[in-house]
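> Taken in order, these protein sequences are the chains called G and F. Heads up: the first sequence begins at 760 in my numbering, then just goes up one per residue. Heads up: the second sequence begins at 1276 in my numbering, then just goes up one per residue. Heads up, the beta-carbon is just placed ideally off N, CA and C, and yes, glycines get one too. Following this message is one structure expressed as structure tokens.
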Amino acid sequence: MKRTVDVNIPLGPIHPCFKEPARLKCEAKGERIVGAEVELGYMKKGIERIMKGRPWQEVMFLAERVCGICSVIHNMVFIEAMEQISGISVPPRAAYLRVIANELDRMQSHLLANFSYCYTIEHETLGMYLLDLREQVMDQLERLTGARVTCAYIIPGGVRCDIPRQDKELLKTSLDRIERDLCRYSGMFAEGPMIALRSRGVGILTQEAAQRAHAVGPTARASGIPVDCRLNHPTYRQLGFVPVHRADCDNFARVMVRFDEVFQSIGLIRKCLDLPKGVIRGGGVCKAGETRYSGEAPRGELTYFIKSDEFGRIVEIQIQTPSIMNIEACCHEMIIGADSIADVTSTFVSADPCIACTER
Amino acid sequence: MGLLLIWYLKEFARIEWIKKFLFAKTAPLVTPLHFRGFPEPTGKTCQHALFCMMACPAPGAIEVVHDAGDGWMPRIHKGHCIRCGLCVEACPNGVLKSGRILETMEREGTSLLFSFRIAIDLELCTGCGNCCTACPINKGIDAQMGAGGHSSNDEVIMRVQKGDIVVIHEDKCTGCKTCEVSCPTGAIRIARILEGYQQPVQEGSQ
Chain G
760 MKRTVDVNIP LGPIHPCFKE PARLKCEAKG ERIVGAEVEL GYMKKGIERI MKGRPWQEVM
820 FLAERVCGIC SVIHNMVFIE AMEQISGISV PPRAAYLRVI ANELDRMQSH LLANFSYCYT
880 IEHETLGMYL LDLREQVMDQ LERLTGARVT CAYIIPGGVR CDIPRQDKEL LKTSLDRIER
940 DLCRYSGMFA EGPMIALRSR GVGILTQEAA QRAHAVGPTA RASGIPVDCR LNHPTYRQLG
1000 FVPVHRADCD NFARVMVRFD EVFQSIGLIR KCLDLPKGVI RGGGVCKAGE TRYSGEAPRG
1060 ELTYFIKSDE FGRIVEIQIQ TPSIMNIEAC CHEMIIGADS IADVTSTFVS ADPCIACTER
Chain F
1276 MGLLLIWYLK EFARIEWIKK FLFAKTAPLV TPLHFRGFPE PTGKTCQHAL FCMMACPAPG
1336 AIEVVHDAGD GWMPRIHKGH CIRCGLCVEA CPNGVLKSGR ILETMEREGT SLLFSFRIAI
1396 DLELCTGCGN CCTACPINKG IDAQMGAGGH SSNDEVIMRV QKGDIVVIHE DKCTGCKTCE
1456 VSCPTGAIRI ARILEGYQQP VQEGSQ
């Protein structure tokens, strides 16, 4: 039976607050939202089909082009899945360098997500501060890998290049500066009374609802569920990684979890900078096999299912990205009961949906 | 109000400020050294190994063509190139450079190694021998190879024996895929296997 509602409000696919096109259809009673549905399919690439029949050196570049914001983790999960299939071991120095690249990528992704949230709640000043900070992180990523976004840094059995000593020093000083600035900005966010009015108690996703919707990543961690795929990763386990989580369940908690994770990433990179000596490429040839491998993307659990032939060419590949679950959690749990349309956009953005990942 | 006016005058009625205001210049855009740009020739002679073309993940981004003289030279098509730098790493002779990749490779002793494997689907193969006669390496070893791919030379990569194709020396394959193109049934496939490799040059190179 169709519910009687006052207005149906479509948001998107083109909307100034959304980074990528998605259509959000809200049913409103007065100004209160009683139901919402998300419509996807505006940027389907069919990238999994393109990957089939190609060797790793081509699929690696396709994998990092699945998503422009979290490209390093796509590369890392794909390569680590191929390594698991072929039984290739990674030298410890390369494993640490991978963590550095991955955490820098996570920092820039979280800063962009928080910028996006600040922009949506009309706090453009803080948003621009964060975007400026993100540029500094991107510069460090470029210095390490040679490119800002599609880094192509990780290859089977190691990484592409080592970090020179002067760059290591520069990364250290840059991290200090970023941490100092971020302390100020996250303080501004945490203590701003107007920000609290727009964020606290808005877009509630309770722990049960998060479990029901299988929310992952910062969205789940802000609802008090300490899930994180990095807990299963051998290098992160060596570094003594403990996930950040909060129990506030609202927009404010989601943004603060991301701020906390940026600080945590800075800590992890500092730990990794005591690099063990040794080679950065162990060598190894990709072989036939079939595996499922998960890694923690900035938005949550990213899973690759890969089947390869005897020469390491991809026969079958499936990518499961975190935003699918988070978008579901967002439109079926968080948005319901929002007090106004302005809260709908801010709640949707606070879940950090990555449409490019979702549709692939 | 008066204080504010004085403050403003103090702040802005300065020669430096007015100069800066009137003759402001944006800092010139400089490509940093570590930026992985489009591959450029270093001036070394291309040996026509074609590894750059084989490693390239972007279709049609690089091709090795005759340069003005007698030799060969890779040509980059900038609209297709994704600046990944694999061609720089795959080239055994250091013909190309991009950003810091070549220096880093020389310092750390890293390289990408190619190996080629020949896979023949015997269900599809008709034993016509087109692949054997098309193969440029076979041609060099046994110029007299017959149209059916028969050869009495044991040094060839592959030949037809009793109606079946037999691969003898897989290690001589250069991965050119000429056989793949000439096969009427698509039975032969060449796998280009790439492997990251490092031969440490000096201890503690970091």
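Rank G:Glu901, G:Arg936, G:Ile937 by C-alpha distance to the C-alpha of isoleucine 922 of chain G and give the top, closest one.
Checked all of G:Glu901, G:Arg936, G:Ile937; the closest Cα to isoleucine 922 of chain G is G:Glu901.
> Can you give me the start and stop residues for the beta strand (DSSP E) that cysteine 785 of chain G sits inside?
From DSSP, the beta strand (DSSP E) with cysteine 785 of chain G extends over 782-788.
> Mind checking valine 1021 of chain G: buried by the 16 CB within 10 Å criterion, or exposed?
Per the 10 Å Cβ criterion, buried.
> Which one of G:Met1093, G:Phe1107, G:Cys1089, G:Pro1081 has the shortest CA to CA distance from glutamate 1118 of chain G?
Taking only the C-alpha atoms, the option nearest glutamate 1118 of chain G is G:Pro1081.
> Would you mind stating whether valine 858 of chain G and cysteine 1116 of chain G have Cβ atoms separated by less than 9 Å?
No, they are not a contact pair.
> Do you know how far the Cα of proline 1314 of chain F is from the Cα of cysteine 1113 of chain G?
Using only the alpha carbons, I get a separation of about 32 Å.
> For the beta strand (DSSP E) holding serine 1386 of chain F, just list the boundary residues, first then last.
Residues 1385-1395.
> Residues in its own chain within less than 7 Å of threonine 965 of chain G by CB, not counting five upstream and five downstream?
If we look at threonine 965 of chain G and ignore the five residues flanking it on each side, its Cβ neighbours are Ser982, Cys1008.
> Thinking just about the alpha-carbon of each residue, which of F:Gln1419, F:Arg1289, F:Arg1464 is nearest to the one in arginine 1072 of chain G?
Of the candidates F:Gln1419, F:Arg1289, F:Arg1464, the one whose C-alpha sits nearest the C-alpha of arginine 1072 of chain G is F:Arg1464.
> Could you spell out the range, first to last residue, of the alpha helix (DSSP H) harbouring methionine 1420 of chain F?
Neither: methionine 1420 of chain F is in no alpha helix (DSSP H) and is coded neither H nor E.
> Taking its Cβ as the centre, do 16 or more other Cβ atoms sit within 10 Å of glutamine 899 of chain G, making it buried, or is it exposed?
Under this definition glutamine 899 of chain G is a buried residue.
> Leaving out five residues before and five after glutamate 1364 of chain F in sequence, what residues of the same chain have Cβ atoms less than 8 Å from its Cβ?
Around glutamate 1364 of chain F: Ala1330, Ile1376, Met1380, Thr1385, Ser1386, Leu1387.
> Does valine 1044 of chain G come within less than 9 Å of chain F when only Cβ atoms are used?
Yes - at least one Cβ of chain F is within 9 Å of the one on valine 1044 of chain G.
> Decide if leucine 1326 of chain F is buried, meaning its Cβ has at least 16 other Cβ atoms within 10 Å, or exposed.
A small fix is needed here, since residue 1326 of chain F is phenylalanine in this sequence, not leucine. The residue in question, phenylalanine 1326 of chain F, is buried, as its Cβ has 16 or more Cβ neighbours within 10 Å.
> Put tyrosine 976 of chain G into one of helix, strand or coil per three-state DSSP.
First, the residue type needs correcting, since residue 976 of chain G is glycine and not tyrosine in the sequence shown. Of the three classes helix, strand and coil, the one that applies to glycine 976 of chain G here is helix, per DSSP.
> So valine 797 of chain G packs on leucine 783 of chain G, CB below 8 Å; how close in whole Å?
Confirmed, Cβ separation roughly 6 Å.
> Let me see if you follow: with CB-CB separation under 9 Å, is isoleucine 1061 of chain G close to chain F or not?
The displayed chain sequence assigns leucine, not isoleucine, to residue 1061 of chain G. It does not; no Cβ of chain F falls within 9 Å.
> Please classify aspartate 1345 of chain F: is it buried, with 16 or more other beta-carbons within 10 angstroms of its beta-carbon, or exposed?
Per the 10 Å Cβ criterion, exposed.
> With 7 Å as the limit, tell me which residues of the segment 878-907 of chain G have their beta carbon closer than that to any beta carbon of chain F; keep them in chain order.
Under the 7 Å Cβ criterion, the segment 878-907 of chain G contributes Glu901, Arg902, Gly905, Ala906.
> For isoleucine 1121 of chain G and phenylalanine 1000 of chain G, I'd like the C-alpha separation in whole angstroms.
With chain G covering only 760 through 1119, there is no way to say anything about residue 1121 of chain G.
> Write down the C-beta distance between glutamine 816 of chain G and proline 1332 of chain F rounded to the nearest angstrom, noting that I regard them as a contact closer than 8 Å.
Glutamine 816 of chain G to proline 1332 of chain F, Cβ: 6 Å. Contact.
> How many Å lie between glutamine 1473 of chain F and glutamate 1430 of chain F at the Cα?
Cα to Cα, glutamine 1473 of chain F sits roughly 32 Å from glutamate 1430 of chain F.
> Quick check on the DSSP output: what are the complete beta strand (DSSP E) runs of length 3 or more inside the segment 1419-1461 of chain F, in order along the chain?
Entirely contained in the segment 1419-1461 of chain F, the beta strand (DSSP E) runs reaching 3 residues are, in chain order, 1433-1436, 1439-1442.
> What separation, rounded to the nearest whole angstrom, lies between the Cα atoms of tyrosine 876 of chain G and glutamate 823 of chain G?
Each residue's Cα considered, the two are about 25 Å apart.
> Do you know how far the Cα of proline 814 of chain G is from the Cα of asparagine 1405 of chain F?
For asparagine 1405 of chain F and proline 814 of chain G, the distance between alpha carbons rounds to 26 Å.
> As a quick exercise: from F:Lys1300, F:Glu1470, F:His1309, F:Leu1278, pick the residue whose alpha carbon is nearest that of serine 1390 of chain F.
With distances taken between Cα atoms, serine 1390 of chain F lies closest to F:Glu1470.
> What span of residues does the beta strand (DSSP E) with tyrosine 855 of chain G cover, start to end?
No beta strand (DSSP E) contains tyrosine 855 of chain G, which is instead part of the alpha helix (DSSP H) from 851-879.
> Looking at the strands, I want to know which residues DSSP matches up with serine 1053 of chain G.
According to DSSP, serine 1053 of chain G bridges with G:Thr1062.
> Does DSSP classify valine 1001 of chain G as helix, strand or coil?
The answer is coil: DSSP assigns valine 1001 of chain G none of H, G, I, E or B.
> Compute the Euclidean distance between the alpha carbons of proline 769 of chain G and cysteine 829 of chain G, then round it to the nearest angstrom.
Using only the alpha carbons, I get a separation of about 28 Å.
> Which residues share a DSSP beta bridge with histidine 1341 of chain F?
Looking at the DSSP assignment, histidine 1341 of chain F forms a beta bridge with F:Trp1347.
> Going by DSSP in three states, serine 1067 of chain G sits in which element: helix, strand or coil?
It is a strand residue.
> Under 9 Å, CB to CB, which of the residues in the segment 916-931 of chain G have a partner in chain F?
The segment 916-931 of chain G vs chain F, Cβ under 9 Å: Gly916, Gly917, Val918, Arg919, Cys920, Asp921, Ile922, Pro923, Arg924, Asp926, Lys927.
> Might you give, ordered along the chain, the residues of its own chain that have their beta carbon closer than 7 Å to the beta carbon of leucine 889 of chain G, omitting 5 neighbours on each side?
Within the same chain, leucine 889 of chain G has close Cβ partners Leu870, Asn873, Phe874, Cys877, Tyr944.
> Leaving out the 5 sequence neighbours to the left and right, which residues in its chain are closer than 7 Å to isoleucine 1281 of chain F when beta-carbon positions are compared?
None.
> To which residues of the same chain is glutamate 1069 of chain G closer than 7 Å at the C-beta, ignoring the five residues directly before and after it?
So the list reads Lys1046, Ala1047, once near-sequence residues are dropped.
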